[in-house]
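Report on the structure given below.
This is the structure:
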């Protein structure tokens with residue numbers, strides 16, 4: 016494996032991690048938004064707070080990881096994307112900031128009206144953030160980001176591939192979150208809530224699957240390079256994503272929630288991997304390849320050293336944090 020490809024692979028591992036871990040957090044906002052009135056939705060919203068509270072900020076480390084590797088290892092392509100896609104990126108950033116602030120402020124609201132306001136902001140921003148990040152991916156994958164950064168500020172992300180990408184991102188996040196939340200509800204003994212979430216997750220999964228299939232035709236015309244890759248080298252990953260999604264639906268239907276979480280993660284990871292493999296070897300599709308976009312050799316070598324250190328220093332504490340939250344140890348009095 017060449018040096019630049021190794022760095023690109025390390026970058027894309029971060030993309031997958033953010034899609035899975037951050038996606039599950041973002042998707043929880045969909046269920047918060049659709050939970051109903053303050054009284055009727057209180058149990059579900061409490062579960063959302065309990066489930067994502069200890070980890071919701073930690074998951075953003077993957078976004079920082081991706082951005083740092085991208086601008087350091089492939090600076091010219093990073094500058095081009097930031098210039099052309101500045102509008103959806105700013106909207107996604109706004110969503111992240113509003114989501115974080117409102118999630119914290121909701122807990123300390125002085126009145127019910129304030130709590131409702133912060134709750135709406137949290138839930139809405141949890142949806143708009145993955146949507147705009149999906150449009151960014153669609154803009155890059157459809158070849159609308161020229162290397163000189165002079166792409167159209169609107170057409171680059173308001174197009175069929177980007178819009179379908181945004182909707183699919185929201186749907187996959189919600190489906191992933193539903194698979195996690197239903198298992199959390201079962202583990203905490205909330206059987207009625209688990210049944211309600213099971214039905215909602217199945218509905219979201221069916222709707223997202225329909226959107227994915229509906230997107231195939233416009234993407235074939237709007238992003239031919241990506242479409243060719245999806246039909247060629249990435250076809251096994253596309254099939255794997257479909258099978259994992261169907262398996263998750265079957266496991267939710269049969270109430271095997273613990274295993275359903277694993278297949279849901281596999282489905283999302285396969286979808287994101289399929290996108291990456293489908294547009295390979297392009298970094299900016301039809302504009303610049305990974306090899307041509309790479310920075311200096313010394314910089315790439317330094318990045319791989321930093322990635323190795325991050326694996327040792329960052330990954331174990333994150334893994335332990337997730338272990339604590341999934342075993343409920345963090346909420347026990349002696350912890």
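In our numbering, the protein residues as written are 16 to 350. A virtual CB, placed ideally from N, CA and C, is assigned to each residue, including glycine.
For the alpha helix (DSSP H) assignment, the uninterrupted runs of no fewer than 4 residues enclosed by the segment 241-286 are, from N- to C-terminal side, 250-268. For the alpha helix (DSSP H) assignment, the uninterrupted runs of no fewer than 4 residues enclosed by the segment 142-224 are, from N- to C-terminal side, 175-202. Under DSSP, residue 304 shares a beta bridge with 297. In summary, residue 41 is buried, with 16 or more beta-carbon neighbours lying within 10 Å of its beta-carbon over all protein chains present.
Straight-line spacing of the CA atoms in residue 241 and residue 128 works out to 47 Å. For residue 61, the enclosing alpha helix (DSSP H) stretches over residues 57-67.
Contact between the segment 210-225 and the segment 188-195 is present: 3 or more CB-CB pairs across the two stretches fall below 8 Å.
Annotated three-state conformation of residue 43 is helix, per DSSP. Beyond the five residues adjoining it in sequence on each side, residue 106 comes within less than 7 Å, by CB distance, of 143 and 147 in the same chain, given in chain order. Of the candidates 332, 86 and 63, the residue whose Cα lies closest to the Cα of residue 22 is 86.
Residue 138 is a Cβ neighbour of residue 44, given a cutoff of 8 Å. Going by DSSP, residue 101 is part of the alpha helix (DSSP H) stretching over 101-122. Residue 262 holds the alpha-carbon nearest to the alpha-carbon of residue 276 among 262, 289, 287 and 288. For residue 74, the CB contacts under 6 Å within the same chain, skipping 5 residues up- and downstream, are 36, 37 and 40 in chain order. Here the C-alpha atom of residue 231 lies approximately 31 Å from the C-alpha atom of residue 211.
The continuous alpha helix (DSSP H) containing residue 76 extends over residues 76-88.
With a 10 Å radius around the Cβ and a threshold of 16 neighbouring Cβ atoms, residue 84 comes out buried.
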